[in-house]
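*Asks:* This is the structure, below, for whatever I ask next.
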Amino acid sequence: MSSEDIKNKLTEKGLKVTPQRMAILEAIYNLKNHPTAENIIDYIKKMHPNIATGTVYKVLGALVDNRLVKKVKTENDIMRYDGVMKSHHHLYCMESDVIKDYVDEELDELLQNYFEKKNLPGFKIEDIVLQVKGTFNK
């Protein structure tokens, strides 16, 4: 994703375009592996050594709150970040801790129809995301 695209995403959400926000969002898109905050910090410190760790966490919170990224929790309770906002699920390898995106419109429709029929009283579904656990073949 280009710098211009990242700027546009920030401004569309009404966020001020700052070098920190640009660097962190760019890191999430470039790493493409559902990075942890530590992965993001390591990545951006190469180009922006003066960004404070607290700033990274604060910016990540703002990006999540403004729906520019999602939090993804692993089996080991490690928080990761996902820059893909369109509907998708995750394949989680329990051996390597790798998360891969899984897109399946038929599955999305099946899940949506299932929960519509269940009519969960007092509960409004915002999103349905599956995390399928297993291991990738070597």
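One gets the working numbering by counting positions in the sequence shown from 1 and adding 14 to each. Ideal Cβ placement from N, Cα and C applies to all residues, glycine included.
(1) May I have a chain-ordered list of the beta strand (DSSP E) segments no shorter than 3 residues that lie completely inside the stretch 53-114?
(2) Indicate the three-state DSSP secondary structure (helix, strand or coil) for T32 in the structure shown.
(3) Report the rounded CA-to-CA distance for Q34 versus N133, giving the unit in angstroms.
(4) Inspect the CB distances between the stretch 117-127 and the stretch 77-94 and report whether three or more fall short of 8 Å.
(5) Counting only beta-carbon atoms, is E123 nearer than 8 Å to chain B?
(6) To the nearest angstrom, how far is the alpha carbon of I92 from that of T50?
(7) Across the stretch 94-106 and the stretch 140-147, are there enough close Cβ pairs to call them in contact, namely three or more that are closer than 8 Å?
(8) Tell whether a beta-carbon distance below 8 Å holds between V70 and I20.
(9) Tell me which residue opens and which closes the beta strand (DSSP E) that K131 is part of.
(10) I58 and A76 look like a contact to me (Cβ under 8 Å); what is the Cβ gap, rounded to whole Å?
(11) Taking the beta carbon of V117 as the centre, do at least 16 other beta carbons fall within 10 Å, making it buried, or is it exposed?
*Replies:* In brief:
(1) 84-87, 93-96 and 103-107
(2) coil
(3) 43 Å
(4) no
(5) Protein chains in the displayed structure number just one, and chain B is not present.
(6) 7 Å
(7) yes
(8) no
(9) That residue, K131, is in no beta strand (DSSP E); its alpha helix (DSSP H) goes E119 to K132.
(10) Not really, about 15 Å apart at Cβ, beyond 8 Å.
(11) exposed
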